[in-house]
Each structure stands twice: as C-alpha cells, then as structure tokens.
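Student: This structure is in structure tokens; I'll ask about it shortly.
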Amino acid sequence: MNLVDTFSEFKAGKNIDRPTMVRVLEDVFRTLIKKKYGSDENFDVIVNTTKGDLELWRVREIVPDGEVTDERSQISISEAQISDEAYDVGEEFYQQLGLEDFGRRAIMAARQTLISRIMELEKEQVRQLYMERVGDVILAEVHQVLKREILVIDEANGNELVLPRREMIKGDFFRKGDMLKAVIKDVEMNNNNPVVVISRTNEMFLEKLLEQEVPEIEDGLITIQKIVRIPGERAKVAVESYDDRIDPVGACVGMKGSRIHGIVRELRNENIDIINFTNNTSLYIQRSLTPAKITNIELDDETKRASVFLKPDQVSLAIGKRGTNIKLASSITGYEIDVYRDSEEYDVDIDLDEFSDEIEGWIIDSLKNIGCDTAKSVLELSKDELLRRTDLEEETINDVIQILEEEFKD
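Residue numbers (our numbering): 2 to 411.
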C-alpha cells in the first residue's frame, strides 16, 4: 500500500528518466491533494529520485487570531505556535503531511494511478525508441511462431517485436530460438499498445545490409539512389559515386563478389543487380536491363514509355524469369519498357525447339524430318511444298507459319 515502495519497485524495473518520473509523481500526488483539500496551490511535493522517496509539505501564511479568511492558505498565530513558539505573524507555516493523512482508499487509488501512468510512460518510451530507429537493422531471437506472424525478442533490450508473414522472404523458415536479421519498418498502435513491425522484404533491409558490407556507402562516398525488389527473386540497386576514383558497382560487389555474396545468402539467394546510376535516360534503361544487351532505344518522355530493340537471343534475358527483369527495370527507371526484336536481325535464325511452348513436339519432329530445323528454313518453303513433304494438315501448316512469322515482326 506504500506509494514510495511502488515508486521504487517500478523505477528499478523501468528505464525511465528522472525528470519524467518526477513529473509523474508530482502529478499523482497533486491529484491526491486536490481531492482532499480542493486545491494544490499552497502545497510542495519534493521527490527524491535517488532514494525513491518523497515529501509532502503544506504551506500557509500565519495571520493574527480571528483574521483567518481562507483556511487552505492561512493559519492563526496561536495555532501555529502550538508547533513552534518562535513563529510570528506574516511568516510561512510549513506542515509535513504523511500518506496516512489521505486515507486508505485514496492511497490505493493513487497507487493504481501511479502504476497506470508508469506503464503508459513505458509504452510511449518504446514507441519513441523504435520510431527513431525506423530503418535500422536489428538482430533478434525467435520467441514464438504463430500462423500469421513471428514474435521475436530484440537482442539489444529484450523488447518484443513482430515479423508478419507478409514481411518474410519466400523461403524463410524459422524455429523458436533461431536468430534473424530484419529492418525496423514501422511502429503501429494497437489498443494503445505499441507494436513494432519488422521486415525482411522492405527495400530498406537491402539498403542497410549494403551499408554494413560496403564502407564506402556508410562513409558517403557512394550513394544508393534507388532500390527495387521482388523479395527472394531479384533486386536492382542504382548506385552513384561523386568521386571519379571510385567504381561504385565494383565497390558494392567486392573482390570476386565477396561483399555481395553474404547479402545474397541472407536474402535467400536473391539475385542482386548493381547498376551505375546516370541522368542519361537511355543509358540508365540500358543498364537497368542487364544482363541483356540492347541495340537501340526509342523514348517517349511524355508518356514515360521506352521501346527497346534487342537481338533475338537477348530478348529472354531482358524479360527475365517470369518477367522479373523487365518489371524491375521499369520500376527503377520510371519508364514503361516494351521489348522488340530488332528488325535488322531478321536474318538471324531461330531453332524450332525454341517454339516448343507454342508448337507441339510431334509437329516440330515432322518438320525436322524434312530437314527444317529452324524457323527460317520452314518459312523459305511454300505452303504447298510443306503440305506435300509432310503429313501435316493445311490448318496446322497455317498455324505454324503464323507463329513463326510473328516472331520476326517488330
């Protein structure tokens, strides 16, 4: 029931600064005083944060007998001299109050208020702590694995953080006790409780990992202009250096990939393309489509569209697996990119096996049996010749010719 004990108990377990604790205690006890005396104007609350105790003093002006007009702020000389005969009219009379003066019920209510205020302070402190650290990478231990999220414990201070499934990389699998790295993404309030959300899919995570691995980025010699990701699959990072002596791409990759390999492993083998940023839009788009090599680019700055022409064997590289490369290139450059086979490359032949996703295998085999194993060799023969030399139906021949001709259109 002792409020001083309550104060000491909470101060020992919570990392709350002294000025804040003093303010809270003063507010709690001044509320207690107001309820009993109607006002706290002539009361002093002295808090000793080192020892964890406090003093309450009531201060009243000493007036002649019979001239007391406000009992809350004045006391008669005869009443004051009961405590000390040395008191005189006009002086201030100090009376120390004990907790027992307020009654058991009031003290219990004040104790609950104090506990509640300190808990609110702790929540606010956690919120402010992590709001200031948004974008920082933390090391945490998996505490509990739930269906929609994983609860982890921050190694630095023991606070509980949340890693939602949507913020996990495809291929992430954690068990209780595992250690993981993630970036602090946001602090959300849920029923007045701060929920610290961490992420492994956010672009900030890759940015901070690069900062840790590449000293030139941390020192400001290399700047990360933009990062786009398809978590667990592919990422593109545009970097720039204002020092001509530094190769930003080489510095980020490291000798024989020494700097980037650790990050790739952390991101579940995410393929990371480091490209040199430039204000030259055509060159920037060309670099963003790496590893594909383009032959020509036509830009429409008004609609933010780019028509990119490539050799046939470079088209699949430009598009990438499930379209990831061209999608990320569009995101990092801000241009919608359309890929075309270079019309000048019509003379470049394409193996029939490349069309296996559009032409059935037995049809391809039938064409190969007559010596036509490339697209050009088929198109050089007339439809009548194809009908005569193969057992294919006319409709099938028409479909094959249409598919092959489409491949050589701009």
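Backbone N, C-alpha and C fix where the C-beta goes; we use that ideal spot for every residue, glycine too. The structure displayed is predicted, hence computed values, not measured ones.
In the structure shown, what three-state DSSP assignment does residue 285 receive?
Tutor: Working through the sequence shown from its first residue, we reach residue 285 at position 284. Residue 285: helix per DSSP, three-state reduction.
Student: Check this for me: beta carbons of residue 351 and residue 376, under 7 Å apart or not?
Tutor: Taking the first residue of the sequence shown as 1, we reach residue 351 at position 350. Taking the first residue of the sequence shown as 1, we reach residue 376 at position 375. Contact flag set, yes.
Student: Hey, residue 249 and residue 259: beta-carbon distance below 7 Å or not?
Tutor: Locating residue 249 in the sequence shown gives position 248, where the first residue counts as 1. Locating residue 259 in the sequence shown gives position 258, where the first residue counts as 1. Contact: no.
Student: When we look at the beta-carbon of residue 70 and count the other beta-carbons within 10 Å, is it buried (16 or more) or exposed?
Tutor: Start at 1 with the first residue of the sequence shown, and residue 70 comes out as number 69. Exposed: under 16 other Cβ atoms inside 10 Å.
Student: Using 10 angstroms around the beta-carbon of residue 157, count the other beta-carbons present and answer buried if the total reaches 16, otherwise exposed.
Tutor: Within the sequence shown, the letter at position 156 stands for residue 157. Classification of residue 157: exposed, given that the 10 Å Cβ count is below 16.
Student: Please specify which runs of the beta strand (DSSP E), each continuous and at least 3 residues long, are wholly inside the region 33-121, giving them in chain order.
Tutor: You should have 44-49, 54-64, 75-77, 93-98.
Student: If I measure Cβ to Cβ from residue 347 and keep anything under 8 Å in the same chain, skipping five residues before and after, which residues do I get?
Tutor: As a working mapping, residue 347 is identified with position 346 in the sequence shown. Because residue 347 carries a pLDDT of 47, less than 50, the predicted location of this residue cannot be relied on, and the following value inherits that uncertainty. Contacts found: 409.
Student: Is the Cβ-Cβ distance between residue 75 and residue 61 less than 7 Å?
Tutor: Position 74 of the sequence shown, counting from 1, holds the residue named residue 75. Position 60 of the sequence shown, counting from 1, holds the residue named residue 61. Against a cut-off of 7 Å, the Cβ pair of residue 61 and residue 75 comes out as a contact.
Student: So residue 343 packs on residue 297, CB below 8 Å; how close in whole Å?
Tutor: Residue 343 sits at position 342 when you count from the first residue of the sequence shown. Residue 297 sits at position 296 when you count from the first residue of the sequence shown. With a Cβ gap of about 7 Å, residue 343 and residue 297 count as contacting.
Student: Looking at C-alpha atoms only, which residue of 262, 269, 282, 55 is the closest neighbour of residue 275?
Tutor: What you label residue 275 is simply residue 274 of the sequence shown in a count that begins at 1. Residue 275 has its Cα closest to that of 262, out of 262, 269, 282, 55.
Student: Under three-state DSSP, which class holds residue 190?
Tutor: Taking the first residue of the sequence shown as position 1, residue 190 is located at position 189. Three-state DSSP puts residue 190 in a strand.
Student: For the region 132-173, list the beta strand (DSSP E) runs that are entirely contained and at least 3 residues long, ordered along the chain.
Tutor: Qualifying beta strand (DSSP E) stretches, in chain order: 138-146, 150-155, 161-165.
Student: By DSSP, does residue 1 sit in helix, in strand, or in coil?
Tutor: In the structure as shown, the chain begins at 2 and stops at 411. Residue 1 is therefore absent and cannot be evaluated.
Student: Comparing C-alpha positions only, which one of 174, 362, 29, 293 sits nearest to residue 119?
Tutor: Here the question's residue 119 lines up with position 118 in the sequence shown. Nearest C-alpha to residue 119: 29.
Student: Only counting the same chain, and skipping five residues up and downstream in sequence, which positions put a Cβ closer than 7 Å to that of residue 155?
Tutor: Start at 1 with the first residue of the sequence shown, and residue 155 comes out as number 154. Excluding residues within five positions, the ones whose Cβ falls inside 7 Å are 139, 141, 162.
Student: Suppose you measure from the CA of residue 211 to the CA of residue 254; what does that come to, to the nearest Å?
Tutor: As a first step, residue 211 is located in the sequence shown; it is residue number 210 there, counting from the start. As a first step, residue 254 is located in the sequence shown; it is residue number 253 there, counting from the start. Computed Cα separation, rounded: 10 Å.
Student: Excluding the 5 residues flanking residue 41 on each side, which residues of the same chain have their C-beta closer than 7 Å to its C-beta?
Tutor: In the sequence shown, counting from the first residue as 1, residue 41 sits at position 40. So the qualifying residues of the chain are 31, 34, 35.
Student: Would you say the region 308-322 touches the region 331-342, given that touching needs at least three Cβ pairs under 8 Å?
Tutor: The region 308-322 vs the region 331-342: in contact.
Student: For residue 215, which residues of its own chain have a beta-carbon under 7 Å away from its beta-carbon, when the five flanking residues on both sides are left out?
Tutor: For the purposes of this step, residue 215 is taken as the residue at position 214 of the sequence shown. Excluding sequence neighbours, residue 215 sits near 223, 252, 253, 260.
Student: Identify every residue that forms a DSSP beta bridge with residue 181.
Tutor: Walking along the sequence shown from the start, residue 181 turns up at place 180. In the DSSP output, where bridge partners are listed per residue, residue 181 has 141.
Student: How big is the Cα-Cα spacing for residue 136 and residue 323?
Tutor: Here residue 136 refers to the residue found at position 135 of the sequence shown. Here residue 323 refers to the residue found at position 322 of the sequence shown. For residue 136 and residue 323, the distance between alpha carbons rounds to 30 Å.
Student: So who's on the other strand from residue 236, going by DSSP bridges?
Tutor: To locate residue 236, count along the sequence shown from 1; it is residue 235. 230, 273.
Student: Residues in its own chain within less than 8 Å of residue 93 by CB, not counting five upstream and five downstream?
Tutor: Start at 1 with the first residue of the sequence shown, and residue 93 comes out as number 92. Excluding positions up to five away in sequence, the list reads 60, 61, 62, 63.
Student: Between residue 134 and the rest of its own chain, which residues show a CB-CB distance below 8 Å, the 5 nearest in sequence each way excluded?
Tutor: Position 133 of the sequence shown, counted from the start, is the residue given in the question as residue 134. Excluding sequence neighbours, residue 134 sits near 185.
Student: Once you ignore the five residues that flank residue 194 on each side, which residues in its own chain have a CB closer than 8 Å to its CB?
Tutor: On the sequence shown, position 193 is the one that residue 194 refers to. The residues are 124.
Student: Look at the alpha carbon of residue 208 and the alpha carbon of residue 227, and state the distance between them as a whole number of angstroms.
Tutor: Within the sequence shown, residue 208 is the residue found at index 207, counting from 1. Within the sequence shown, residue 227 is the residue found at index 226, counting from 1. Their backbone Cα atoms lie some 9 Å apart in a straight line.
Student: Can you check the region 307-348 for any alpha helix (DSSP H) of at least 4 residues that lies completely inside it and give the ranges in chain order?
Tutor: For the region 307-348, whole alpha helix (DSSP H) runs of length 4 or above, ordered along the chain, are 313-320, 325-334.
Student: Going by DSSP in three states, residue 21 sits in which element: helix, strand or coil?
Tutor: Walking along the sequence shown from the start, residue 21 turns up at place 20. In this structure, residue 21 counts as helix in the three-state DSSP scheme.
Student: Quick one: is residue 26 buried, meaning 16 or more other Cβ sit within 10 Å of its Cβ, or exposed?
Tutor: What you label residue 26 is simply residue 25 of the sequence shown in a count that begins at 1. With 16 or more other Cβ atoms within 10 Å, it is buried.
Student: Could you tell me which of 281, 364, 169 sits nearest to residue 203, measuring between CA atoms?
Tutor: Residue numbering aside, residue 203 sits at position 202 when the sequence shown is read from its first letter. Nearest option by C-alpha distance: 169.
Student: Would you check if the distance between the CB atom of residue 333 and the CB atom of residue 283 is smaller than 7 Å?
Tutor: Working through the sequence shown from its first residue, we reach residue 333 at position 332. Working through the sequence shown from its first residue, we reach residue 283 at position 282. No, the pair does not count as a contact, with Cβ atoms beyond the cut-off.
Student: Kindly examine the ligand FAD and report whether one of its heavy atoms sits closer than 6 Å to the Cβ of residue 242.
Tutor: Ligands are entirely absent from the displayed structure, and the ligand FAD is therefore not among its contents.
Student: For residue 182, tell me which candidate among 303, 200, 24 has the shortest Cα-Cα distance.
Tutor: Stepping through the sequence shown from its first residue, residue 182 is reached at position 181. Of the listed residues, the one whose Cα sits closest to residue 182 is 200.
Student: Please state whether DSSP places residue 365 in a helix, a strand or coil.
Tutor: Position 364 of the sequence shown holds residue 365. Reduced to three states, the DSSP call for residue 365 is helix.
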